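Those protein sequences? They're chains A and B, same order as listed.
Be aware that the first sequence starts at 1, since it is given in this note's numbering, and climbs by one per residue.
Be aware that the second sequence starts at 1001, since it is given in this note's numbering, and climbs by one per residue.
Glycine included, every Cβ here is placed at the ideal spot set by N, Cα and C.
In this text the structure is predicted, and so the values were computed from the model without any measurement.
Worksheet for the structure shown next.
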Amino acid sequence: MNIFRLIGDLSHLAAIIILLLKIWKSRSCAGISGKSQILFAIVFTTRYLDLLTSFISLYNTCMKVIYIGCAYATVYLIYMKFRATYDGNHDSFRVEFLVVPVGGLAVLINHDFSFLEILWTFSIYLESVAILPQLFMISKTGEAETITTHYLFCLGLYRALYLFNWIWRFYFEGFFDMIAIVAGVVQTVLYCDFFYLYVTKDGKGYRFSI
Amino acid sequence: GIKVDGHDEL
């Protein structure tokens, strides 16, 4: 554990909680892509199946349980509790164009051809592109609420911090995981355009295009 | 290198 990893995890946690609270407090999921949230729920589910097979640390277990729980709670709020506010017409990204190629890639390129490892690899690849339906939705409507931009910023910051974590681990532990690194770079790059807008617009709610 | 028996990152 290093400082980049810890702050990255906390940033990820903050993003998840910001989104949950935003939906809960406003009683609305307007402007939020339910498809991206389903993809994140799939990501956590397929990645954290090792909860059942191996114990790493109390921190690790707690965070995994919280991430999974929050992901499903978010999906529940969007598709059940506040379904009337869900903007399905603008959430029109075709997720099969992500899930199918990513599934194929996970079977082809992985560290070990075993069930859990392929699911882990699938989750890594899928996470790198899971935000695309959300970014697509924002570019389609041309606007995002302030709180939604904070959510996206924390989510992007988390993966950017993980890149520093991997640099740290490479130099000080000789550890590197090429699959995670390449996917992490892709994921971070997808946020770059957004980061630029977030910083230059001072994080205020705004109309913008991607 | 990478060891496959468990991933400690989240």
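Q.
At the 8 Å Cβ level, is W120/A part of the contact set with chain B, yes or no?
A. In the first sequence, residue 120/A corresponds to position 120, counting from 1. So yes, W120/A belongs to the interface.
Q | Under the three-state DSSP convention, the category E143/A falls into | A | Here residue 143/A corresponds to residue number 143 of the first sequence, with the count starting at 1. Strand, per DSSP.
Q) Is H12/A helix, strand or coil by DSSP? A) Numbered from its first residue, the first sequence carries residue 12/A at position 12. If DSSP states are grouped into helix, strand and coil, H12/A belongs with the helices.
(Q) Alpha carbons only, please: which of G104/A, A106/A and S28/A is nearest the one belonging to M80/A? (A) As a first step, residue 80/A is located in the first sequence; it is residue number 80 there, counting from the start. Closest option to M80/A, Cα to Cα, is S28/A.
(Q) Using 8 Å as the cut-off, can you tell me whether the stretch 130-143 of chain A makes contact with the stretch 37-48 of chain A, which would need three or more C-beta pairs spanning the two stretches below that distance? (A) yes
Q) Out of curiosity, what's the CA-to-CA distance linking S209/A and T200/A? A) For the purposes of this step, residue 209/A is identified with residue 209 of the first sequence, where counting begins at 1. For the purposes of this step, residue 200/A is identified with residue 200 of the first sequence, where counting begins at 1. Note that S209/A scores 49 on pLDDT, short of 50, meaning its location in the model is unreliable and no value can be drawn from it.
(Q) So N60/A contacts chain B; which residues on that side make the cut at Cβ distance below 8 Å? (A) Position 60 of the first sequence, counted from the first residue, corresponds to residue 60/A. Residues of chain B passing the Cβ test: D1008 and L1010.
Q. If you run the structure through DSSP and keep just helix, strand and coil, what is K201/A?
A. The count along the first sequence starts at 1 and reaches residue 201/A at position 201. Correct three-state label for K201/A: coil.
Q) Is there contact between the stretch 153-165 of chain A and the stretch 177-192 of chain A, where contact requires at least three CB pairs shorter than 8 Å? A) yes
Q) For C29/A, does the three-state DSSP call read helix, strand or coil? A) Stepping through the first sequence from its first residue, residue 29/A is reached at position 29. Correct three-state label for C29/A: coil.
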